[in-house]
Each structure stands twice: as structure tokens, then as C-alpha cells.
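Listed in order, the protein sequences are those of chains A and B.
Each step along the first sequence adds one to the number in our numbering, with nothing skipped, and position 322 is 322.
Whatever position you read off the second sequence (first residue = 1), add 1000 for our numbering.
Reading through the C-alpha cells given below for one structure.
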Amino acid sequence: MTDAATLPAGRARPVPGSAGALPARAVSWLRRRLFASWRDGLLSLGVIAVLGAIAWAIVPWALFDATWHGASRADCTGSGACWAFVSAKASQFVYGFYPPAERWRPDIAFALLVAGLVWLMVPRIPAKAYAGFFMMIVLPVATFLLLHGGFAGLTVVPSDQWGGLLLTLILAVSGITFSLPFGVLFALGRRSRMPLVRWFCIGFIEFCRGVPFLTVLFMAIVMLPFFLPSGTKPDPLALAVVGIIFYEAAYMAEVVRGGLQALPKGQYEAAMAIGFGYWRTMLHIILPQAVRKVVPGVVNTTISLLKNTTLVMVVGLFDLLNIVSAGVSDPLWAGSQAEGYFIVGLVFWLMSFGLSCYSRAIEARFARAERT
Amino acid sequence: MLGYLRNPWTLAAGCLLLAATAASAESGATQKAIAARGALNCGVSSGVQTGMSTLDSNAKWSGFEVDFCRAVAAAVLGDAEKIKYVPLEIKTAFATLQSGGIDVLARTATHTFIRDIELNVEWPGVYLYDSQGFLAKKSLGVKSAKELEGASICVSAGSNYELNLADFFRKNNMKFTPVAANTRDQNEKNLASGRCDVYANVLSALAGAVSKLGNPDDWVVLPELISMEPIGPVVRKDDARFRDIVAWTLNALIAAEELGITQANVDQMKASSTSPEVQRLLGATGDFGTKLGIDNAWALNAIKAVGNYGEMFERNLGEKSPIKLQRGLNNLWNNKGLMSAPLLR
């Protein structure tokens, strides 16, 4: 029993012969982990009561009393959730205003994204360098061409018709993919010996960290048109994508800088001693070690980036949250806030939790690599 | 409609706008740009105001504001579908209008002095006379706003309504506790969960709230109305011709109701009506459209697209909608309301 090793001293009571029947093992597990003392027992019961109360409130609402089919809110007569609302609006939540006849194009883009993620994340699939190339170059270009169209007989679908989960993923994936490389560059720039580069990077990072993202977007959409020739309107999606990438890059830069500073000076000196130049030192010696140290910080920033994507309403874009907000105001479905926001919460939680799981898997892999 | 006047961002933007938009003022330029583009850029609210502008299940826009966009597009381009809707929060709405991002703002924007004079925009008319009132649970037993001494009141943070509310209570020597929230959604939830006794907003918003809060019979709008909010479409000040087009599109819809022209009978009225006003409005005689620089069938097209003013109101906000807002002041002048159009001669 390895469990004993993780218990506090004095609490370990390995049951002799615990390899016995399953019920006996379960009882012993309960006794050791949940009810080892009266204080543990009280705490466990308290937690169980709270969880039970939450489940008691949510499960009947979400499942047993729910209405699954219907054409309007009036069909939802039960006391539970009105999932008919979500199924009626599902395609709108996923694709936004994208024309129904052309929705196979976002479908292909989703498939490409999933393929890229699987390639990148499953350790057994080889050629990770190509996966990086795929995610950073092939995927964005292919997605843009596919969604925008205008060649080979594909009709043009302007970016103001992209919306919903599609838009959230476009913003999040492009933000996550490009903010880390730019962040690394800014972090290196901030520690550069060239004063102009250093000052520029410090100025940029401190500006971004000092200003709320909403303000950056607001200024971009309100002020930018006055500096452009009259009548030209900047593309809101391009503004949002560029804004998210550089804004989050500033945060990434600070996370990466933490990793750079945590490395002992000997690493730099050793690299110099064997005749490495600046870029070779950074690429082969310093960055691989620094980035390993800051995986939790990078994922933290990534998750906050994911949630920042909901602020794009200010430039008139309908990401998942905003299209659901609009959906619950539909007079036909008035009163469906709980269902709408429940789904949004669930989708964002799944994405964020997925990122955390991936981050923990990477950390575990690095830890194993260091032990061997 | 919200309290953007006290928002330093909008004020700063407004001041800059004033400096930046001195150029490019030419009467008729907006209409030429719309014709060249083949679409009207119409600013609406961001899909969260029930009855005003919302998305239906096919991601199509509908609502009162949207219908006004359609009327203008039909008048200018002859096609109510040639519109690009630009959903805007009130924070960015006026700046987007000024910078040319939209041609007309058909949002729930109240006409105020500061907006009119300092933001360099103009209200060509009023399409909704809204008033601020109070919504309470019937079970609370309150019959009048004068009985609200010590009540907690839900209100939009930083809005005109907050100021109106404070004025009303000061005038009546009463105290209240504001429960401020940013969005209508939050206010409605606070009211439903009992965080406040009463919700203060304009009648159209209160009616929308009732339609979302379940049984309408549980709620009552108190008789006191504490402010008048004239709400209308907004255009840039520098293009008088386009201002006229928007103003007369609205006038045409109101006149149509008075003259008995509806979406259903508009063609027949044009063919057979002997009323000179109907004939002039629908382009059977005269050249009203040509004088505006648009097709002579402008009013015909607009009415065909959205019906007359009364039909537009009832479909989106009134008895034919889930909101069931009383027409009240938005009735025609000859029916105890304030709606009237200048003479068609």
C-alpha cells in the first residue's frame, strides 16, 4: 500500500491483508481517507453535505425535470431546465452568423484544429517540430482561407459573420499560439544589452500590463478610424486578434522572464565557455530550461487569455458569451438565461480544465525527464 | 440612454471627435456612400434588449430598432435586406457614428442637450416616447411610488435613470437604497431574487423584464412616471440631406398610420386612393422622393418593408409581441398620444 506513505505520521493504519474482497477494500479506504478521526469524519460529512446539496439542486433541474424539445419558451412547462432553447439555438451558438449553406467550411477548420491538437498533445505521435509548424503556419492560413473564401468558387464570407464558439476558438487559438513566441521575444528583449531594444520592450510590457484589455480594444475601435482615411473601417476581428496576441504576449514575457532569472548564471557562462553565440545559447541552453520552469505560469496566462476573449463585444464581435446573451433576449425564448449561461460556463470550464490537465501532464513528463 | 455622459471615455472621445470631424462635411455624401456600398450600415443595440434588437433562431436580426433600419434601407436603396447591422454598446455608439463606421444609429438613444450639442450628432425625430417608472412585485402591496420610503431599488449603474431616481426621492423627501447593476439582465435577476424591492427603468425595459420574469400577473408597474425619455434615430450633423431622408422615413411611417396605409394595403392604396396626401406620400403624384434625391417610391418601399408606425410598434413591443407594452404616449396625436408627422404638402 503506497497510500500509507502519503498520510501524515500517526495516521497510517495499513490494514493487513487488504488485497481482499472489493467491499472490504472500499470500507478500509473510506475509514482511512475520510473517517480516520472524529475531526476528519466531521469534515468529510460537511463536504459531502455541501456537494450533495449542490447536486440536489442542479441534477433534477438539469436532467429529470428538463424539457428537451420545443419551438419556444412556452413549450417549456416543466420546472426544470429548458434545453429546447439550447438545441434551437445550437447552430447559432457554434457558428454565429455564418451562412448555413457554407457551414461545412468551419467544420473542416474544427477538424484541422482537433487534428493539430491531437498531434501536438499525444506524446506517442512523432515529429513534434512539424506539429508546431502546422499549428503556427498551416492552421491559421488554412483556417483563414477556408472561412473567408473568395477563391476556387468559394463565396466570400466576411469576418463580421463569424461568431459563436467558432469565433471564440479563432481568438483563443491564435492568441495562445502566437502570444508565447512573441512573449519569449519580449522577455529576451527586456534582458537585452542593447538599450533601445530593452527600453522598447520594457515600455511595451509595462503599457500592456498597466491598461485593462477592454480599454485597449475600446481605444482601437474608437480612435483608430480617425487616423485612417475617412470611410475606411478597421476590421474588428483583425483588431481583436492582434490586440489579444500582443496584450497577452506582454504577460507571457513576464512569466518567461521569471524562468530566465531562475536559471543559475553558470548556465550562461558554460554556454559562452564552449563558444556558443547569443542565439545558440538561448535556443539550446537557456530557453528549454527556462520554459520548463514556468509551465504553470504560462498555462495560467493562457487561461486568462481564453476568458479575455469574451471582451470583444466592445468591437461588435459576437463570441460565444455574447451570442448567448443575445439569444436569451430573443422574445420567443425570454427567460432562458439560466440555461444559456450554464452552457457557456460549461464550455469555458471544459476548455480551461482541458488546458490545466494538459499542463499537469507536461509537468509530470518534465519531472520524469529530470529524474532519469 | 445609459449614463455615458458621465463616462470620461466617451466624453474624451467626444471632444476628439469634435476636432476630427470638421472635415468631410458634404450634404449627400452619406447617401452616395450607401449607394456605392450597396448597403446601409445601421447601428443597433448589441442584441440584449428584448423587443429592440435581438437575434432569432436563424441568427437574423429583428426588433423595433432593426425595423427602423429596414425602413431606411428600403427608402434609400429600395431593398430592406441591404443592411449591415453593426451591434454597438452605448459606450462606442456615438463615436462609431462620428467616425463613419455607421450611417445611422437606430438604438435606444435618448435625446439630450449635451449629446446633441457636444457630440455633433443630431436626432431627426423621435420614434419612441419612453418614460421612467417603477416595477414591483404585486405581493409587495405597494400602490404608489410615494409609498417607497426606505425601499431598495434596482437601477442601471451610472445611467440617467439613477439621476432621475435620486431627484424624485429628494423632491418627495424620501430615502432609498440603490442596488446598481451594469446590465438589464443583472437588474432583472436582482429583482427576481429579492435583492431589491423595486426596479427603476424605462417602461419598454420594464415590460421586457416582465416578459422574462415568468407570470406577468405577479408584477405591477406603479402609476408614477418620473421622466420623459425621447428616443430616436441619430445621424451626423454634417449631412443635412441624409438627415432629411431619415427624418422623412420616420414621418412617412407615422403619416401612413394616420392615413390608414398598412403593409398589406399599400399597393392598393397607391393605385386607388383619392386622397392627395396618400398619393403624394406613395409617389402616385408629385416628386417627394426625387426632391429627397431618392426613388419616388421611397415611402411605398419603407411601408412595404415594415408596415406603418403602429404596425412596427405592435409587432415588436406592443400587443402582438411577448412584451405587451402599452402604446400610451406613442399613440397618434388624435388618439391621446404624441406621435404626429409634419404635413405632406
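Note that the Cβ used here is the ideal one computed from N, Cα and C, for glycine as well.
In this text the structure is predicted, and so the values were computed from the model without any measurement.
- At least one C-beta of chain B is nearer than 9 Å to the C-beta of residue 89/A.
- Comparing C-alpha distances from residue 218/A to each of 151/A, 265/A, 312/A and 182/A shows the shortest one belongs to 312/A.
- The continuous stretches of alpha helix (DSSP H) do not include residue 1339/B, and DSSP gives it neither H nor E.
- The beta-carbon of residue 1049/B is placed less than 9 Å from the nearest beta-carbon of chain A.
- For residue 1323/B, there is no enclosing alpha helix (DSSP H), as DSSP marks it with neither H nor E.
- For residue 1228/B, the enclosing beta strand (DSSP E) starts and ends at 1227 to 1231.
- Taking C-alpha positions only, residue 1099/B is separated from residue 131/A by approximately 43 Å.
- Within chain B, the residues 1046, 1087 and 1089 have their CB atoms less than 9 Å from the CB of residue 313/A, given in chain order.
- The beta-carbon of residue 1185/B is placed less than 9 Å from the nearest beta-carbon of chain A.
- Neighbours of residue 27/A across chain B, judged by C-beta separation under 9 Å, do not exist; the nearest C-beta is about 43 Å away.
- The Cβ atoms of residue 1087/B and residue 1057/B do not sit closer than 9 Å to each other.
- With a cutoff of 9 Å on beta-carbon distance, residue 1049/B and residue 1108/B are scored as near each other.
- Annotation for residue 1131/B: the continuous beta strand (DSSP E) segment containing it runs 1128 to 1137.
- Look at residue 40/A here: in three-state DSSP terms it is helix.
- Put simply, the backbone Cα of residue 48/A is about 32 Å away from that of residue 302/A.
- Taken through DSSP and simplified to helix, strand or coil, residue 1294/B comes out as coil.
- Straight across, the Cα-Cα distance linking residue 352/A with residue 1180/B is about 31 Å.
- Excluding sequence positions up to five before and after residue 188/A, its CB lies within less than 7 Å of the CB of 282, all in the same chain and listed in chain order.
- Counting along the chain, the unbroken alpha helix (DSSP H) around residue 307/A starts and ends at 295 to 308.
- Within the region 204 to 260 of chain A, the runs of alpha helix (DSSP H) that reach at least 4 residues and sit entirely inside it are, in chain order, 213 to 227.
- Between residue 1077/B and residue 1289/B, the alpha-carbon positions lie close to 12 Å from each other.
- Under the Cβ criterion of 9 Å, residue 331/A is counted among the residues facing chain B.
- The three-state secondary structure of residue 1084/B, taken from DSSP, is strand.
- For residue 1192/B, the uninterrupted alpha helix (DSSP H) run begins and ends at 1184 to 1192, by DSSP.
- In this structure residue 1240/B does not touch residue 1281/B by the C-beta definition: roughly 22 Å separates them, more than the 8 Å allowed.
- Annotated three-state conformation of residue 1263/B is coil, per DSSP.
- DSSP places residue 1153/B inside the beta strand (DSSP E), whose first and last residues are 1152 to 1156.
- With respect to chain A, the C-beta atom of residue 1105/B has no partner C-beta closer than 9 Å.
- In the DSSP assignment, residue 30/A falls within the unbroken alpha helix (DSSP H) covering 22 to 33.
- Residues of chain B with a Cβ closer than 7 Å to the Cβ of residue 233/A are, in chain order, 1101.
- The three-state reading of DSSP puts residue 1121/B in strand, counting E and B together.
- Taking the beta carbon of residue 1207/B as reference, no residue of chain A falls within 9 Å; the closest one sits roughly 11 Å away.
- At least 9 Å separates the beta-carbon of residue 53/A from that of residue 342/A.
- Rounded to whole angstroms, the gap between the alpha carbons of residue 1297/B and residue 1249/B is 12 Å.
- Think of a sphere of 9 Å around the beta carbon of residue 1217/B: no beta carbon from chain A falls inside it, the nearest being about 15 Å out.
- Contact with chain A is absent for residue 1067/B, since none of that chain's Cβ atoms lies less than 9 Å from the residue's Cβ.
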